[in-house]
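Inspection log for the structure reproduced underneath, given as structure tokens.
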Amino acid sequence: MPVKNKKKVAKAPTKKTTAKNVKSVGSKTKKKEGAEKKQPKYPSLLRGMKDILPKDESYWKNMYHTAESLATSYGFGYLETPIVEEASLFIRTLGKGTDVVDKEMYLFEDREGKKVCLRPEMTASIARAYVAHGMHVMPQPIKVWGYGPLFRYDRPQAGRYRQFHQFDCETIGVHDPGADAELIVVAYNFLRDLGLETVVHINSIGTQEDRSRYLVELVAYLRSKRSQLSEESKLRITKNPLRVLDSKEEQDQAIIEAAPQIIDWLSDESRNYFMKVLEYLDELEIPYLLQPRLVRGLDYYTDTVFELYPLDEEVRSQNALGGGGRYNGLIEQIGGQPTPAAGFALGLERVVLELKRLEEKKQVAIQEAIQAGNPPEAPVPTPKIFFAHLGDQASRRALSLIEKLRRDGVVVLHRIGNNSLKNQLEFANKQQVTHTVILGQKELQDGSIIIRDMASGIQEIVDQKKLKRELEKILQRFTMTEIK
RNA sequence: GUGGCCAUGGUGAAAUGGUUAUCACAUCGGUUUGUGGUACCGAGAGUACGGGUUCAAUUCCCGUUGGCCACCCCA
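See the structure below:
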């Protein structure tokens with residue numbers, strides 16, 4: 000109420016001024032004294048940030064549950080690291096030249112002047128935890144999973160936010176193709192369980208030594224073709240030659256095709272290792288695509304690298320649902336024993352995007368089917384019970400009945416406040432309730448209660464004591480038909 | 001970091017350099033007493049922010065903020 004009044008008061012004077020004076024004095028002065036500075040209607044969201052609303056609840060819950068049960072069933076333990084870390088952790092591990100470090104970190108000083116940052120990824124934190132807690136003395140490998148928000152101060156775009164979430168798995172302490180394959184399987188199964196068909200793009204970038212030998216060769220090759228390359232690619236020859244292979248420029252394609260491939264420069268060991276990873280994937284029937292030009296943007300990768308893409312989508316760099324690889328040097332780099340490790344991370348916002356795209360496609364298909372005259376069977380509605388109550392006494396009694404039902408695992412909705420029956424039924428209807436329980440004065444007196452089937456409008460009067468059993472029957476009947 | 005497009009009630013749209021900014025959906029209330037979906041009536045709610053041009057700006061220009069998209073890079 001007071002809010003309304005304030006607004007009216009604020010509006011009134013402006014009206015008067017417009018009516019009386021002919022705005023000749025100059026509206027600027029009028030504006031300044033009249034309206035007391037307009038503020039934005041509400042504080043806006045920080046750029047690249049996003050609220051996750053109840054309408055998307057099921058996506059996020061499903062993802063978490065899928066991640067949890069999958070990780071658990073593969074023997075990964077939950078590890079949660081802090082969101083704020085010492086900045087140097089990431090600067091050292093991700094590499095100074097990388098964009099993530101150079102321009103995308105949420106970097107600030109804490110109250111004591113310590114340089115800290117919001118984690119831009121999980122792997123380094125998990126590696127830090129591995130070293131800090133002396134996990135190398137535990138039976139190897141250590142398999143852990145993480146889940147939560149990451150921060151990158153990047154320009155927002157489709158499927159890209161400044162705060163985003165990842166599901167992450169790491170296997171630390173074993174150098175074996177089986178570990179790489181298992182990680183890929185978990186990532187793949189996560190997406191499959193959520194209903195997404197994907198392909199794994201995979202490559203091996205060998206050891207640091209393999210790569211430096213290859214780079215010499217690649218740069219020499221690119222230099223020889225320099226004049227034919229796009230401007231962007233010319234720059235990258237010195238900045239990040241591997242990235243030239245990723246160029247989307249038309250004119251670069253032929254040159255890229257003919258460029259030396261890293262696969263040919265791998266040491267025997269790395270090559271054999273990679274072959275074994277692929278053999279595992281064949282055995283497990285994971286669809287994969289050899290991508291000789293796949294390189295990843297973080298410095299710490301060695302040997303296996305992979306990314307997961309939706310099967311039916313045109314491949315673009317930003318619609319990778321996730322990726323990962325082996326990082327044999329990372330643990331040592333942050334001060335641990337030399338320890339082999341591998342992991343992956345999946346971008347959950349991108350997964351949601353993809354799921355929504357799929358959902359939309361399904362809706363279109365349904366619409367088309369209806370147009371064509373063969374509408375699909377209406378889905379069985381999920382049972383949902385609403386409890387309507389009238390009058391103070393009945394409301395009090397209703398509350399305790401509802402409480403009891405909830406304790407017994409029977410979920411019922413109701414509307415808080417003193418509402419008319421009409422009002423409550425309307426509300427129930429909007430919530431797509433299948434049955435409504437009604438308790439008023441009359442029922443209160445004779446110990447009965449009404450159960451209304453919302454679809455048919457048929458009402459049944461039952462004994463209050465039998466309410467729970469009746470409701471359970473309803474819930475069961477529905478689940479039965481669903482199974483059928 | 002670079003570039004393009006954009007900003008009107010909660011949502012989706014419309015309109016105009018000049019009295020009261022239109023519509024739909026949604027929300028809330030009503031069409032008497034204890035029965036929803038339909039219908040009818042009504043209410044609340046808006047030109048993102050700041051500046052400039054102009055007699056007059058929601059409309060034109062600039063800046064800020066934010067959104068969408070691409071590049072870069074990544075999830």
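Just so you know, the first sequence maps onto residues 0 to 483 in numbering that gives the first Met the number 0. For each residue, glycine too, the CB sits at the ideal point set by N, CA and C.
Asked, Found
"Limits of the unbroken beta strand (DSSP E) element including H135", "No beta strand (DSSP E) contains H135, which DSSP labels as neither H nor E."
"Buried versus exposed call for V136 [16 or more other C-beta atoms within 10 Å across all chains shown]", "exposed"
"C-beta contact flag for L78 and G145 at 8 Å", "yes"
"Euclidean distance between Cα positions of K429 and I473", "20 Å"
"Inter-stretch contact (C-beta, 8 Å, three-pair minimum) for the stretch 145-155 and the stretch 101-112", "yes"
"Own chain, CB closer than 6 Å to E306, minus 5 neighbours either side, in chain order", "H200, A319 and G322"
"Option nearest T197 by Cα separation, candidates L398, E284 and P53", "E284"
"Three-state secondary structure (DSSP) of T97", "coil"
"Cross-strand partners of S447 (DSSP beta bridge)", "D462"
"Any alpha helix (DSSP H) of 4 or more consecutive residues that is wholly inside the stretch 274-338", "329-332"
"Residue span of the alpha helix (DSSP H) that contains G439, given as start and end", "Here G439 belongs to no alpha helix (DSSP H), and DSSP marks it neither H nor E."
"T433 - DSSP class collapsed to helix/strand/coil", "coil"
"Burial state of A387, where buried means 16 or more other Cβ atoms lie within 10 Å", "buried"
"Burial state of N202 (16 or more Cβ within 10 Å)", "buried"
"Assigned secondary structure, Y220 (DSSP; H/G/I helix, E/B strand, else coil)", "helix"
"Beta-carbon proximity check, T80 vs L193, cutoff 8 Å", "no"
"For Q366: DSSP bridge partner residues", "Per DSSP, none; premise fails for Q366."
"Exposure of K27, with buried meaning 16 or more beta-carbon neighbours within 10 Å", "Bear in mind that a pLDDT of 34 at K27, under 50, signals an unreliable position, so the model cannot answer this."
"Cβ-Cβ distance between L404 and L329 below 8 Å", "no"
"Residue environment, Q475, which counts as buried when at least 16 other CB atoms sit within 10 Å", "exposed"
"Contacts around K464, its chain only, beta-carbon distance under 6 Å, and the 5 residues preceding and following it disregarded", "none"
"Minimum C-alpha distance to Q260 - residue among M62, Y73, P375 and Y220", "Y220"
"Per-residue DSSP class, three states only, for V198", "strand"
"Where the alpha helix (DSSP H) containing E181 begins and where it ends", "P176 to L193"
"Residue closest to D462, alpha-carbon to alpha-carbon, out of D445, T303 and E208", "D445"
"Of the residues Q423, A364, M121 and Q207, the one placed nearest G147, counting alpha carbons only", "M121"
"Residues that DSSP places opposite A341 in a beta bridge", "T170 and R325"
"Buried versus exposed call for A131 [16 or more other C-beta atoms within 10 Å across all chains shown]", "exposed"
"Counted within 10 angstroms of its Cβ, other Cβ atoms place L44 as buried (16 or more) or exposed", "exposed"
"Strand pairing of W529, partner residues [DSSP]", "Within the shown structure, residues of the chain are numbered from 0 to 483, placing residue 529 beyond reach of any answer."
"Reduced DSSP category for S203 - H, G, I as helix; E, B as strand; rest coil", "strand"
"Bounding residues of the alpha helix (DSSP H) (the contiguous stretch that carries K238)", "E230 to K238"
"V304 beta carbon less than 8 Å from that of L190", "no"
"I141 versus H174: straight-line alpha-carbon distance, rounded", "12 Å"
"Cβ shell of R414 (< 7 Å), same chain only, five flanking positions each side left out", "Q423 and F426"
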